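Using full-length UniProt numbering, the first residue of the sequence shown is number 1, and each one after it goes up by one.
Ideal Cβ positions, reconstructed from N, Cα and C, are used throughout, including at glycine.
Owing to the predicted nature of the structure, the values given are computational and were not obtained by experimental measurement.
Notes to accompany the following structure.
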Amino acid sequence: MRSDLDRLMRERGLAGVIVLAHDRYCPAFYWCTGQKIHHGVYFRAADGRAHLVVDPMERDQAALAGCEWSTYAQHGFLAMIKSASSQAEALAQLIAKIAAEMQIEGRVAFSGEAPLGFSYAMLSQLAALAPKITVDASAPDVIAQAMMTKEESELESIRRASKGAVAAMNAVRTYLGSLRRKGDALTDGTHDVVTRGHVRALIHRVFAEHRLAEDGESIVSQGRDAGVPHNRGNDAEPVRTGESIIVDIFPGEAGGGYHTDMTRTFCVGKAPDALRAMYAQCREAFDAAMTATRGGALCRSLQDLTCDIFERQGHATLRTNASAVEGYVHSLGHGVGLAVHEGPGLRSGEQNKAVLEPGHVVSIEPGLYYPSRGMGMRIEDLVAVRADGSIENLTECSYELEVGADV
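Encoded structure:
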């Protein structure tokens, strides 16, 4: 939470935080300032003093940020660029100047968005210009740690995004269930051959109605493609009966903002026995993981529980085979917020000491993948941990596998 940032800085012994937005929307910068500023530097000292530097074109947004602010021009940044060997060196000069004015000395956490090469060059120059500043290399950085727990206003944004995602998933279920056979294909009455692209277009329309947009590309994969977890699917291929169709959607607020994440697996018509059996196994793991997810739970224990179930069922997991590409081949879930993937991670390993806390929003998404058998499946909901440790399911929606008549 934003209210946790100063405490976390003190606990880490940080003298300050510096966040960059380098000509692009930056979730961490938005979180710190509450504004979608695309080019700026945010400074925060250990005592809570904050200062924002922006391009003059974004001065109206800066005025709404709730802290002191100035423009690059007021600091003579253009002259710095002209005299420096690179823009990275000029930015290092600017950061050194303002940090000195704010008396920020000691260990400083850096966050935000900038190309890696540019960031390396800037920090290298800063080390020479401001030797009293050292870079905090802790992972996750203090901003990422504070962003893991959501305030009520953040949860409301995620709930709204989730409502739109559920509407899109329900529309997909209704649409797939309405298809009818026409020769060797499936038709919706308008298109003689319904493709995965038609399903994706439907998803986009519902997103737009809810002022949501994709962050990346949603997954609409079928058959063999559904057996590779992040195969986005081929929009040109027709929707077929009797095969698993994974629909994984993770929209965010249009223009940048909070996300959601959910997955359902469908089969148009009667599912083959092997697919129904595998879906039941996946559902067993999902139900057990959802039951065990609560405040105070060790994140890696949830992944271990899921591996226990899948291994007992006879599937490979990354715990039994680190190079497995069939079976259960990923972690149970991840945090969701201003980015689709945030902390905490629900993965195995003694190094993962994360514990679920009130305000955490995480995905629960076990899956089974067998491209060699032409099938894959995943069930995913997004949950928030309440103050009392119970969970709120943000993406409640039918889990039924089969849709439509036996066409």
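Given residue i as reference, the closest of the options once Cα atoms are compared
| i | options | result |
| --- | --- | --- |
| L346 | L338, P366, G327 | P366 |
| A99 | G117, Y42, A144 | Y42 |
| T291 | I246, T306, Q281 | T306 |
| M9 | P140, M80, P115, A65 | P140 |
| V244 | N234, R378, F77, G343 | The amino acid at residue 244 is misidentified as Val; the sequence shows Ser. Taking only the C-alpha atoms, the option nearest S244 is R378. |
| Y369 | A73, T134, S138, N231 | N231 |
| E101 | R7, A144, H51, N234 | H51 |
| A90 | A65, M122, A114 | M122 |
| L202 | A185, A316, N170 | N170 |
| A226 | G40, G376, I391, A384 | G376 |
| R44 | H259, C67, A387 | C67 |
| A383 | N393, G189, L94 | Here residue 383 turns out to be Val, not Ala, going by the sequence shown. That would be N393, whose Cα lies nearest to the Cα of V383. |
| S70 | G40, D388, G314 | G40 |
DSSP three-state assignment for residue i, whether helix, strand or coil
| i | result |
| --- | --- |
| K182 | strand |
| Y369 | strand |
| D287 | helix |
| I379 | coil |
| E214 | coil |
| H204 | helix |
| G333 | strand |
| Y258 | coil |
| Y175 | helix |
| A146 | helix |
| N352 | coil |
| A127 | helix |
| V340 | coil |
| H38 | coil |
| residue 408 | The first residue shown for the chain is 1 and the last is 407, placing residue 408 beyond what the model contains. |
| S86 | coil |
| T134 | strand |
| D141 | coil |
| P238 | strand |
Alpha carbon of residue i to alpha carbon of residue j, nearest angstrom
| i | j | result |
| --- | --- | --- |
| residue 412 | A127 | Since the first residue of the chain shown is 1 and the last is 407, residue 412 is not available in this structure. |
| A354 | L298 | 6 Å |
| K82 | A88 | 12 Å |
| Q61 | G34 | 9 Å |
| E11 | V142 | 10 Å |
| V325 | M57 | 49 Å |
| I133 | S85 | 22 Å |
| V17 | G48 | 10 Å |
| G216 | A271 | 30 Å |
| E253 | A208 | 10 Å |
| V239 | D381 | 24 Å |
| I76 | R173 | In the sequence under discussion, the amino acid at residue 76 is Gly, which differs from the Ile named in the question. Answer to the nearest angstrom: the Cα atoms are 58 Å apart. |
| Q125 | A92 | 6 Å |
| L302 | C282 | 15 Å |
| G374 | Y258 | 34 Å |
| A46 | S3 | 13 Å |
| A109 | R7 | 14 Å |
| P131 | Q103 | 13 Å |
Closer than 8 Å to chain C by CB, residue i
| i | result |
| --- | --- |
| G345 | Given the protein chain composition of this structure (a single chain), no chain C is represented. |
Under 8 Å between C-beta atoms of residue i and residue j
| i | j | result |
| --- | --- | --- |
| A289 | L332 | yes |
| H38 | Y30 | no |
| S363 | H334 | yes |
| A146 | M278 | no |
| A165 | T320 | no |
| L64 | A96 | no |
| A168 | V206 | yes |
| L176 | F266 | yes |
| T293 | I391 | yes |
| G117 | A21 | no |
| L5 | D136 | no |
| R264 | Y72 | no |
| R312 | N352 | no |
| I158 | V361 | yes |
Cβ separation of residue i and residue j, assumed to be a contact under 8 Å, to the nearest whole Å
| i | j | result |
| --- | --- | --- |
| M262 | I249 | 6 Å |
| G255 | K36 | 7 Å |
| D304 | S372 | Going by Cβ atoms, the distance from D304 to S372 rounds to 27 Å, so no, they are not a contact pair. |
| R200 | V228 | No, R200 and V228 are not in contact; Cβ-Cβ is about 17 Å, not under 8 Å. |
| V385 | E357 | 6 Å |
| V268 | V403 | 6 Å |
| R276 | L401 | 7 Å |
| T149 | G295 | About 11 Å separates the two Cβ atoms, so there is no contact after all. |
Proximity test, residue i beta-carbon vs the ligand COA heavy atom, cut-off 7 Å
| i | result |
| --- | --- |
| A46 | The ligand COA is absent from the structure shown, which contains no ligand whatsoever. |
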